[in-house]
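Each protein sequence line maps, in turn, to chains Z and G.
Following numbering that gives the first Met the number 0, the residues of the first sequence are numbered contiguously, the last one being 328.
Following numbering that gives the first Met the number 0, the residues of the second sequence are numbered contiguously, the last one being 191.
Yeah, the Cβ is synthetic: ideal placement off N, Cα and C, and Gly gets one too.
Just below is one structure, and these are the notes that go with it.
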Amino acid sequence: MKQLHIKSIHYLLSANGMGRLLSRSLLFAFYLLFSFSFFQTSSCLAATYTVDDLPIPYLSDSTQYVSNPDGILSPIAVDSLNMWLRQMESEHGVQTVLAVVEHIKGGDTYEFCMALGRKYGVGNKRQNSGLIILLSTGDRAYTILTGRGLEGTLPDAICKRIENHQMLPALREGDWDEAMLNTVRALKAYIDGDDSLVGDSDFDDSDAGALTGFIFCMLIGLGLIAFAIWRDERKKSFCPSCHQHKMKKISSYTTKNKRLGIRTHHDTYRCSNCFFTKEMHWDEDLHAGGTGAAAGGALGGSFFGSGGRSFGGSFGGGSFGGGGASGRF
Amino acid sequence: MKIFKAFLLAVMAMFALTSCTYNKLVEQDEQVNRAWADVQTQYQRRADLIPNLVNTVKGYAAHESETLEAVIAARARATQITIDPSNVTPEQLAEFQAAQGEVSQALGRLMAVSENYPELKANEQFSELQAQLEGTENRIAESRRLYNEAVQTYNVSVRRFPNNIWAMIFNFEKKSPFAAEAGAQKAPEVQF
Numbered sequence: 000m001k002q003l004h005i006k007s008i009h010y011l012l013s014a015n016g017m018g019r020l021l022s023r024s025l026l027f028a029f030y031l032l033f034s035f036s037f038f039q040t041s042s043c044l045a046a047t048y049t050v051d052d053l054p055i056p057y058l059s060d061s062t063q064y065v066s067n068p069d070g071i072l073s074p075i076a077v078d079s080l081n082m083w084l085r086q087m088e089s090e091h092g093v094q095t096v097l098a099v100v101e102h103i104k105g106g107d108t109y110e111f112c113m114a115l116g117r118k119y120g121v122g123n124k125r126q127n128s129g130l131i132i133l134l135s136t137g138d139r140a141y142t143i144l145t146g147r148g149l150e151g152t153l154p155d156a157i158c159k160r161i162e163n164h165q166m167l168p169a170l171r172e173g174d175w176d177e178a179m180l181n182t183v184r185a186l187k188a189y190i191d192g193d194d195s196l197v198g199d200s201d202f203d204d205s206d207a208g209a210l211t212g213f214i215f216c217m218l219i220g221l222g223l224i225a226f227a228i229w230r231d232e233r234k235k236s237f238c239p240s241c242h243q244h245k246m247k248k249i250s251s252y253t254t255k256n257k258r259l260g261i262r263t264h265h266d267t268y269r270c271s272n273c274f275f276t277k278e279m280h281w282d283e284d285l286h287a288g289g290t291g292a293a294a295g296g297a298l299g300g301s302f303f304g305s306g307g308r309s310f311g312g313s314f315g316g317g318s319f320g321g322g323g324a325s326g327r328f
Numbered sequence: 000m001k002i003f004k005a006f007l008l009a010v011m012a013m014f015a016l017t018s019c020t021y022n023k024l025v026e027q028d029e030q031v032n033r034a035w036a037d038v039q040t041q042y043q044r045r046a047d048l049i050p051n052l053v054n055t056v057k058g059y060a061a062h063e064s065e066t067l068e069a070v071i072a073a074r075a076r077a078t079q080i081t082i083d084p085s086n087v088t089p090e091q092l093a094e095f096q097a098a099q100g101e102v103s104q105a106l107g108r109l110m111a112v113s114e115n116y117p118e119l120k121a122n123e124q125f126s127e128l129q130a131q132l133e134g135t136e137n138r139i140a141e142s143r144r145l146y147n148e149a150v151q152t153y154n155v156s157v158r159r160f161p162n163n164i165w166a167m168i169f170n171f172e173k174k175s176p177f178a179a180e181a182g183a184q185k186a187p188e189v190q191f
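And the structure:
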């Protein structure tokens, strides 16, 4: 039983076990990478999006609010937009999805936005402050859709005014970057002017929360390992003669068996109470690498994995009642 | 004694089940009432927009008085119909829907007419009112969808066994959803 126990720990910490785990996760990562890039290229060819196949970068990276799958916006514009939208979320709890595509299925931007809002629940639940901005250049249509909680800050008339003054002139000239930058700048001005919209403190905590959770899990894991080692040691120190935990290791030597590839440890224990002596043997797999290095690898790997996940954003379950304004150009 | 105990247990179990079912029915009933209140709010919102819209259009298209008056008359008729959310009969709902449908048609004609006045179309206030009206129509559609969903959930639990027994005892009746708009089936006429 003890041997089995020790071996299982060794297996986990050994290079063999770790290697297998690592190669498996590497394979998985490659699979993800390939499937993702394939998805991107295939959607580039299609260029007509449905609600289900419109990529939402926010889900994998919470700093990316702009969905620009056809590359219509320039990277510089996307960067500025992301920065502003990030500020809007952290300062006022307004969660935005901004999408610029060539074509959408059906060509009705309002219906598309509503379906998008329904699917992802954009905006946090407390304030219901979701915002969806969609421009379909091929359909020559656009929509600003406001969540139920934003209808007061951004009434339909204001959305229309922003569209007429900020978006339309640039759209008529085909300057998509300018249209989106002006629109978001104007929307942000209205949102900044509303003090009743407060930044979601949960939002700032969400990253910290993930980290806390991770540390908590790690502590529990470490605690379990420590407990296992302690129990193992305590078992070793149990004297079968006087039933006291007074056994101590007094000497040990090892023998190697090259044919089997194992090293056998012979430890001699003596009870300090009744001087009962006992010899214990356990085998070590010689093919196992340095346990320290393997453990380091395991920690690094899990930290990396967890870190990657915690950066993905999630939508709060906001709802849309149909507010906002749409138009064509 | 044993029979008495069993009987007591059965009665208790029945009550436990009843309260569970009953509470669920009450909850769903309230959900329907809330959804209905939202529907009425959205229709009211449209009714509130109309005077402003009519006045704006009047300034540019005074001789479309017939269309304008039709909108005002339809609005007046529609606002007279109020429905108690706790017992909506299909007839009442049909009446309500017909009246609101008339408002929609009258407004549709007004919007079509306004296309003939470039100055009106260029007017900022009109454009924003138009957006508000559009948004309100969208909200009406969405609130009606949600109402129908709530009614459907409620109706399913009222009719399902064994809930239907308790629904009968406590008088939870089936509710009626919105039917598709009467004009929705007709293909639009195109005239040149």
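Going by DSSP in three states, Q39 of chain Z sits in which element: helix, strand or coil?
Summary for Q39 of chain Z: the model assigns pLDDT 45, below 50, so the residue's position carries little reliability; its value from the coordinates is reported in the next sentence. Helix.
One or two residues paired with F237 of chain Z in a DSSP bridge
Z:H244
Grab the span of the alpha helix (DSSP H) containing M279 of chain Z for me, first residue to last.
Where M279 of chain Z is concerned, there is no enclosing alpha helix (DSSP H), although the beta strand (DSSP E) it sits in stretches over T276 to D284.
Alpha carbon to alpha carbon, what distance is there between T47 of chain Z and K174 of chain G?
41 Å
Tell me, please, whether the CB atom of N81 of chain Z is closer than 8 Å to any CB atom in chain G?
Judged by the 8 Å Cβ criterion, N81 of chain Z is not in contact with chain G.
In the DSSP assignment, what residue or residues form a beta bridge with Q104 of chain G?
Q104 of chain G is not bridged to any residue.
Delimiting residues of the alpha helix (DSSP H) encompassing Q63 of chain Z
That residue, Q63 of chain Z, is in no alpha helix (DSSP H); it is neither H nor E in DSSP.
The region 108-125 of chain G contacting the region 46-57 of chain G, beta-carbon criterion three pairs below 8 Å:
yes
Alpha carbon to alpha carbon, how far is L8 of chain G from C112 of chain Z?
54 Å
Which whole-angstrom value is the C-beta distance of Y189 of chain Z and L144 of chain Z, which I expect to be below 8 Å?
Cβ atoms of Y189 of chain Z and L144 of chain Z stay farther apart than 8 Å, at about 15 Å.
Three-way DSSP call (helix, strand, coil) for I2 of chain G in this model:
helix
Assess contact between the region 123-142 of chain Z and the region 17-27 of chain G, defined as three or more Cβ pairs (one per stretch) separated by less than 8 Å. Is contact present?
no
Verify the CB distance criterion: does C238 of chain Z have a CB-CB separation below 8 Å to chain G?
no
What is the DSSP secondary structure of C270 of chain Z, reduced to helix, strand or coil?
strand
Determine the direct distance from the alpha carbon of G100 of chain G to that of P117 of chain G, and round the result to whole angstroms.
28 Å
By Cβ distance, which residues of its chain are closer than 7 Å to K187 of chain Z, with the 5 residues on each side in sequence left out?
W83 and M87
Tell me the residue span of the alpha helix (DSSP H) that contains Q79 of chain G.
S64 to Q79
Residues in its own chain within less than 6 Å of G320 of chain Z by CB, not counting five upstream and five downstream?
R147
Would you say P187 of chain G reaches chain Z, if we count a Cβ-Cβ gap shorter than 8 Å as a contact?
With a pLDDT of 48 at P187 of chain G, under the threshold of 50, the predicted position of this residue should be treated as unreliable, and no value is reported.
Taking only the alpha-carbon atoms, compute the straight-line gap between I228 of chain Z and L58 of chain Z and give it to the nearest angstrom.
The straight-line gap from Cα to Cα measures roughly 40 Å.
For L97 of chain Z versus M179 of chain Z, is the C-beta spacing smaller than 8 Å?
Contact: yes.
Within 8 Å of any Cβ in chain Z, is that where the Cβ of G134 of chain G sits?
yes
Residues of chain G with CB closer than 8 Å to the CB of A324 of chain Z, please, in chain order.
A130, E133 and G134
So with Cβ pairs under 8 Å, would you call A140 of chain G a contact of chain Z?
yes
Return the first residue and the last residue of the beta strand (DSSP E) that P135 of chain Z is part of.
It should be noted that the sequence gives Ser, not Pro, for residue 135 of chain Z. It spans G129 to S135 - the beta strand (DSSP E) in which S135 of chain Z sits, taken as one unbroken run.
What does S126 of chain G reach in chain B if we use C-beta pairs closer than 7 Å?
This model lacks chain B altogether, as its protein chains are Z and G.
Measure the beta-carbon distance from A98 of chain G to A77 of chain G and round it to whole angstroms, keeping in mind my assumption that it falls under 8 Å.
4 Å
Residue closest to L48 of chain G, alpha-carbon to alpha-carbon, out of G:F177, G:S103, G:L92 and G:F3:
G:S103
From the DSSP output, read off the bridge partner residues of K257 of chain Z.
Beta-bridge partners assigned by DSSP to K257 of chain Z: none are found.
Whole-Å CB distance - T142 of chain Z paired with S325 of chain Z, under 8 Å assumed:
4 Å
With a 10 Å radius around its C-beta and 16 neighbouring C-beta atoms as the bar for buried, classify M11 of chain G as buried or exposed.
exposed
Same chain, Cβ closer than 6 Å to Y252 of chain Z, neighbours up to 5 away in sequence not counted
H265
Roughly how far, in whole angstroms, is the beta-carbon of T263 of chain Z from the beta-carbon of D282 of chain Z, given that I think they are within contact range, below 8 Å?
5 Å
Beta carbon proximity, N226 of chain G to chain Z, threshold 8 Å
Lying before the first or after the last residue shown, residue 226 of chain G is absent from chain G, which here runs from 0 to 191.
Short CB-CB distance (under 8 Å) between N137 of chain G and chain Z:
True, the Cβ-Cβ gap to chain Z drops below 8 Å.
Contacts that Y109 of chain Z makes with chain G (C-beta to C-beta distance below 7 Å):
N137
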